[in-house]
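K.L.:
Chains A and B are the protein sequences, given in the same order. Per our numbering: the first sequence = residues 48 to 418. Per our numbering: the second sequence = residues 48 to 418. The beta-carbon is built from N, C-alpha and C at its ideal position, and this holds for glycine as well.
2 protein chains.
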Amino acid sequence: MTENSVFESPIVGRQLFGPGPCNPYPEAHLALSLPLLGHLDPAFIDAMDATSEMLRQVWGTRNQRTLPLSATGSAGMEAAFVNTVHAGDVVVVAVNGLFGERMVDVAARHGAEVIAVEHEYGTPVDVERVITAHPNPKIIAAVHAETSTGVVSDIQALGENKGDALLLADCVTSIGGMEMQLDDWGVDLAYAGSQKCLGVAPGLAPFTISDQAFERRVEKPSNWYLDLNLLGGYATGTTGGRRTYHHTAPTGMVVSLKAALERIFAEGLQNVYARHAAAGQALQDGLEAMGLTLFAEEGSRLAQLTTVNVPEGVDSAAVRHYLMSKYNLEIGAGTGAYAAKIWRIGMMGHNATDANANLLLAALKDALNNA
Amino acid sequence: MTENSVFESPIVGRQLFGPGPCNPYPEAHLALSLPLLGHLDPAFIDAMDATSEMLRQVWGTRNQRTLPLSATGSAGMEAAFVNTVHAGDVVVVAVNGLFGERMVDVAARHGAEVIAVEHEYGTPVDVERVITAHPNPKIIAAVHAETSTGVVSDIQALGENKGDALLLADCVTSIGGMEMQLDDWGVDLAYAGSQKCLGVAPGLAPFTISDQAFERRVEKPSNWYLDLNLLGGYATGTTGGRRTYHHTAPTGMVVSLKAALERIFAEGLQNVYARHAAAGQALQDGLEAMGLTLFAEEGSRLAQLTTVNVPEGVDSAAVRHYLMSKYNLEIGAGTGAYAAKIWRIGMMGHNATDANANLLLAALKDALNNA
Chain A
48 MTENSVFESP IVGRQLFGPG PCNPYPEAHL ALSLPLLGHL DPAFIDAMDA TSEMLRQVWG
108 TRNQRTLPLS ATGSAGMEAA FVNTVHAGDV VVVAVNGLFG ERMVDVAARH GAEVIAVEHE
168 YGTPVDVERV ITAHPNPKII AAVHAETSTG VVSDIQALGE NKGDALLLAD CVTSIGGMEM
228 QLDDWGVDLA YAGSQKCLGV APGLAPFTIS DQAFERRVEK PSNWYLDLNL LGGYATGTTG
288 GRRTYHHTAP TGMVVSLKAA LERIFAEGLQ NVYARHAAAG QALQDGLEAM GLTLFAEEGS
348 RLAQLTTVNV PEGVDSAAVR HYLMSKYNLE IGAGTGAYAA KIWRIGMMGH NATDANANLL
408 LAALKDALNN A
Chain B
48 MTENSVFESP IVGRQLFGPG PCNPYPEAHL ALSLPLLGHL DPAFIDAMDA TSEMLRQVWG
108 TRNQRTLPLS ATGSAGMEAA FVNTVHAGDV VVVAVNGLFG ERMVDVAARH GAEVIAVEHE
168 YGTPVDVERV ITAHPNPKII AAVHAETSTG VVSDIQALGE NKGDALLLAD CVTSIGGMEM
228 QLDDWGVDLA YAGSQKCLGV APGLAPFTIS DQAFERRVEK PSNWYLDLNL LGGYATGTTG
288 GRRTYHHTAP TGMVVSLKAA LERIFAEGLQ NVYARHAAAG QALQDGLEAM GLTLFAEEGS
348 RLAQLTTVNV PEGVDSAAVR HYLMSKYNLE IGAGTGAYAA KIWRIGMMGH NATDANANLL
408 LAALKDALNN A
């Protein structure tokens with residue numbers, strides 16, 4: 048089987064153990080085979096409402112403005128900043144990986160005076176440094192689960208100390224894989240992606256904004272597509288219950304997300320989280336038993352995304368190619384300066400099982416010996 | 048069967064004869080069932096390249112920067128303006144429907160000095176008025192096929208008279224349904240949607256930009272997600288052949304679009320256009336034979352999207368609900384002031400056949416008599 052042979056052999060799919068997308072939940076995959084709905088169809092409005100309500104439950108929020116944006120996770124970041132940053136606003140960004148860096152770029156494009164609080168890659172956000180970086184920022188932004196480093200940070204502690212600032216959290220890799228209580232934690236804005244622990248194909252960005260943040264919004268943001276003033280009527284019925292046309296929603300993708308969320312709730316949120324935790328632990332224990340070392344700081348390691356140091360003298364890309372060509376199995380490289388220094392291994396959504404961790408360890412052992 | 052029963056009876060799907068989405072080509076629908084690919088998988092890069100090349104052929108362009116953007120058609124409009132409008136630029140917009148109006152809004156958000164050349168709804172763009180609206184605009188923008196009115200305008204004539212301006216064309220409803228030769232016509236920027244005549248679910252925005260337009264681009268647009276400087280490396284290999292990570296592409300949707308384009312080329316582009324033309328003509332002839340009148344001006348009517356006047360005394364919404372509840376069949380209302388005054392009937396993609404036109408006429412006749 049060559050690296051490009053998936054179309055010749057469509058039954059045998061890739062085993063997606065990179066940093067996302069993962070293999071979707073079967074329910075989400077099958078839902079794409081349902082007949083397509085129009086974007087103004089009452090059945091679709093019902094599906095959108097049900098999806099938004101389940102997103103609220105996963106996130107632990109009562110925010111009315113909770114919806115899947117019609118684009119991938121990065122557009123969620125864009126939406127969060129473009130709707131809330133007024134020119135000259137001070138925005139403190141905790142940077143402990145690629146997605147924190149991206150926040151700095153995005154916030155600056157909207158005229159923010161950005162204070163980037165830099166951290167060493169692989170370490171969690173230092174709450175004290177972030178909180179004291181400025182006496183009165185408008186926004187404090189941080190990544191809950193850094194996809195580039197495999198590190199979880201304490202969003203709740205930021206919320207407890209945010210003062211008058213809005214708290215903005217990137218939840219792309221955390222949603223659906225670990226406990227989140229946005230309202231209790233004091234998070235005002237959050238976004239995610241469909242293709243990680245929610246177990247759906249890439250294409251949607253779950254998004255939520257509190258009433259407090261919405262009141263401080265930009266009246267006419269530079270971005271029409273992601274303008275929450277317009278999206279409110281489209282998705283959440285905030286214009287007196289009546290839905291207004293904004294853009295054509297990706298109806299098939301929303302129905303797929305709905306199916307994944309129903310699957311997650313049928314299994315039970317806590318069971319899903321426990322499954323992710325167990326799979327990640329099994330993988331990390333196994334990697335260390337093989338003599339490998341983990342990149343993320345101990346105590347701050349994500350279960351759903353493990354970062355492992357490429358051993359001295361091992362060709363990172365050769366191992367990945369070996370896994371792909373022999374096992375049809377994808378793991379991720381690092382990003383930027385870490386591209387060849389770490390691997391990123393996802394245990395996300397449907398893939399997050401003990402069994403998969405063991406199979407992956409076996410394949411990796413083979414690759415390390417024979418790649 | 049109630050309006051919301053599609054999930055209880057998933058085999059019997061909606062017949063989507065509104066202004067889009069239409070029922071996808073079977074090939075595009077089935078492609079969503081293929082195993083998902085990672086966004087950096089060599090097989091996905093190949094699929095993206097093949098898709099972009101087929102988009103070039105459909106559009107009649109050699110633009111290297113031709114790609115499906117990871118969002119719906121309206122994001123294509125956003126991308127076109129945010130990447131090319133410098134603050135204070137004069138942008139002439141031909142407004143003969145909702146999507147021209149939207150262009151005015153979007154261009155203004157990026158600081159353009161917009162000159163809106165207003166037309167009566169239902170009429171095509173008056174090339175002379177648009178060309179003479181300003182002596183030296185930076186951009187001239189128009190909608191090729193107005194989804195809100197069912198009118199086609201002469202983009203080629205605008206191109207022949209554009210002078211030093213860039214010509215920007217909305218091709219959301221034209222792509223895949225009628226001839227386009229963007230290079231010959233002098234179009235510098237165009238965008239579309241996947242869910243109309245291309246016969247794919249909504250979720251992607253095909254996009255193309257000429258070298259000339261790219262040279263005049265905004266160096267750091269306010270929109271990170273749609274920044275063509277970053278997207279060039281992601282999709283089109285303009286950074287020396289190497290692909291750079293930007294965002295996680297909606298891999299499943301791109302593979303679905305690829306399958307639809309392959310289907311279109313297998314049938315033959317001219318055959319596909321002829322099929323759309325014949326289906327639209329059959330529908331329009333049948334509507335007039337029933338005593339109904341068409342909204343769009345004669346000589347400028349789209350085949351793929353027919354607008355018909357709601358007869359005096361007929362409840363527009365009641366007819367649509369009757370079609371939905373009895374035939375599981377969707378047609379569209381008008382937009383804005385025309386919401387209850389016209390219906391919009393699509394003959395797009397897989398749905399564009401003589402046979403469907405006849406079935407639809409029979410259902411509509413029943414509805415007019417009995418709704």
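I'd like to know if P115/A contacts chain B, where contact means its C-beta is closer than 7 angstroms to some C-beta of that chain.
P.N.:
Taking Cβ atoms only, chain B never reaches closer than 7 angstroms to P115/A, which makes this a no.
K.L.:
Can you find a CB in chain B that lies within less than 7 angstroms of the CB of H294/A?
P.N.:
Yes, H294/A lies at the interface with chain B (some Cβ there is under 7 angstroms from its Cβ).
K.L.:
With a 10 Å radius around its C-beta and 16 neighbouring C-beta atoms as the bar for buried, classify A192/A as buried or exposed.
P.N.:
Classification for A192/A: buried.
K.L.:
Can you list, in chain order, the residues of its chain with a C-beta nearer than 7 angstroms to that of I92/A? Leave out the 5 residues immediately preceding and following it.
P.N.:
Correct list, in chain order: R290.
K.L.:
Which residues bound the alpha helix (DSSP H) around V302/A?
P.N.:
Where V302/A is concerned, the enclosing alpha helix (DSSP H) stretches over 298-314.
K.L.:
For chain B, check one thing: does any of its Cβ atoms lie closer than 7 angstroms to the Cβ of E74/A?
P.N.:
It does not; no Cβ of chain B falls within 7 angstroms.
K.L.:
Let's test the definition: count the other Cβ atoms within 10 Å of the Cβ of A282/B and tell me whether it reaches 16, buried, or not, exposed.
P.N.:
The residue is buried, with at least 16 neighbouring Cβ atoms inside 10 Å.
K.L.:
By the 7 angstroms beta-carbon criterion, what residues does the segment 357-372 of chain B contribute toward chain A?
P.N.:
For the segment 357-372 of chain B, which is checked against every Cβ of chain A, not one residue is closer than 7 angstroms.
K.L.:
At 8 angstroms on the CB atoms, spell out the chain A contacts of G436/B, in chain order.
P.N.:
Any question about residue 436/B goes unanswered here, given that chain B covers just 48 to 418.
K.L.:
Going by DSSP, name the residue or residues bridged to D217/B.
P.N.:
In the DSSP output, where bridge partners are listed per residue, D217/B has V190/B, Y238/B.
K.L.:
Is the distance from the Cβ of G379/A to the Cβ of G65/A below 7 angstroms?
P.N.:
Yes, they are a contact pair.
K.L.:
Take the Cβ of T354/A as the centre, count every other Cβ of all protein chains shown within 10 Å, and call the residue buried at 16 or more, exposed below.
P.N.:
When all chains shown are included, T354/A counts as buried.
K.L.:
Return the Cβ separation of A159/A and V138/A in integer angstroms, given the expectation that the two are a contact with Cβ distance under 8 angstroms.
P.N.:
With a Cβ gap of about 4 angstroms, A159/A and V138/A count as contacting.
K.L.:
Would you please verify whether the beta carbon of P68/B is less than 7 angstroms from any beta carbon of chain A?
P.N.:
Judged by the 7 angstroms Cβ criterion, P68/B is in contact with chain A.
K.L.:
For the segment 319-405 of chain A, list the alpha helix (DSSP H) runs that are entirely contained and at least 4 residues long, ordered along the chain.
P.N.:
Counting whole runs of 4 or more residues, the segment 319-405 of chain A contains the alpha helix (DSSP H) stretches 363-374.
K.L.:
Please report how far the alpha carbon of D258/A lies from the alpha carbon of S80/B, in whole angstroms.
P.N.:
Straight-line Cα distance between these residues: approximately 39 angstroms.
K.L.:
Counting beta carbon pairs with one atom in the segment 113-133 of chain A and one in the segment 141-158 of chain A, are three or more of them shorter than 8 angstroms?
P.N.:
Yes: the two stretches touch, three or more of their Cβ pairs being nearer than 8 angstroms.
K.L.:
Thinking C-alpha only, which one of E207/B, V190/B, D211/B, S241/B is nearest D217/B?
P.N.:
The shortest Cα separation from D217/B among E207/B, V190/B, D211/B, S241/B belongs to V190/B.
K.L.:
From G393/B to E309/B, what distance separates their C-alpha atoms?
P.N.:
Using only the alpha carbons, I get a separation of about 22 angstroms.
K.L.:
Could you have a look at G60/B and say whether DSSP puts it in helix, strand or coil?
P.N.:
The answer is coil: DSSP assigns G60/B none of H, G, I, E or B.
K.L.:
Helix, strand or coil, according to DSSP, for L83/B in the structure here?
P.N.:
DSSP places L83/B in coil when its eight states are reduced to three.
K.L.:
Give me the DSSP bridge partner(s) of V177/A.
P.N.:
V177/A is not bridged to any residue.
K.L.:
Between N398/B and chain A, is the shortest Cβ-Cβ distance under 7 angstroms, so that the two count as touching?
P.N.:
Cβ-Cβ to chain A under 7 angstroms: no for N398/B.
K.L.:
L83/A versus chain B: which residues are under 8 angstroms apart at the beta carbon?
P.N.:
Residues of chain B passing the Cβ test: G60, R61, L63, P68, N70, P71, H76, A248.
K.L.:
Could you work out which residue in V174/A, V219/A, A237/A is closest to K209/A when comparing CA atoms only?
P.N.:
Out of V174/A, V219/A, A237/A, V174/A has the C-alpha closest to the C-alpha of K209/A.
K.L.:
Do you know whose CA, among L341/B, L63/B, N416/B, F254/B, lies nearest I222/B's CA?
P.N.:
Per the Cα distances, F254/B.
K.L.:
Taking only beta carbons into account, state which residues of the segment 256-268 of chain A come closer than 8 angstroms to chain B, listed in chain order.
P.N.:
From the segment 256-268 of chain A, only K267, P268 have a Cβ closer than 8 angstroms to chain B.
K.L.:
Three-state secondary structure (DSSP) at T98/A?
P.N.:
DSSP places T98/A in helix when its eight states are reduced to three.
K.L.:
Would DSSP call V151/A helix, strand or coil?
P.N.:
Helix.
K.L.:
Closest by CA to K243/A, which one among V302/A, M371/A, H323/A?
P.N.:
Of the listed residues, the one whose Cα sits closest to K243/A is H323/A.
K.L.:
Run through the DSSP bridge pairs and tell me what P268/A is partnered with.
P.N.:
Paired residues: none, contrary to the question.
K.L.:
List the residues of chain A whose Cβ lies closer than 8 angstroms to the Cβ of H86/B, in chain order.
P.N.:
Ordered by position in chain A, the residues that pass the 8 angstroms Cβ test against H86/B are P68, P249.
K.L.:
Give me the subset of the segment 219-244 of chain B whose CB atoms are less than 8 angstroms from a CB atom of chain A, sorted by chain position.
P.N.:
Listed in sequence order: G240, Q242.
K.L.:
So, with DSSP's three-state summary, where would you put F54/A?
P.N.:
Confidence in F54/A is poor, its pLDDT being 42 and thus under 50, which makes the residue's placement too unreliable to answer from.
K.L.:
The beta strand (DSSP E) that contains A419/B, what's its start and end?
P.N.:
Examination of residue 419/B is not possible in this model, given that chain B is present from 48 through 418 alone.
K.L.:
Please determine, among P358/B, A402/B, V142/B, L406/B, the residue with the shortest C-alpha to C-alpha distance to K388/B.
P.N.:
Closest by alpha carbon: P358/B.
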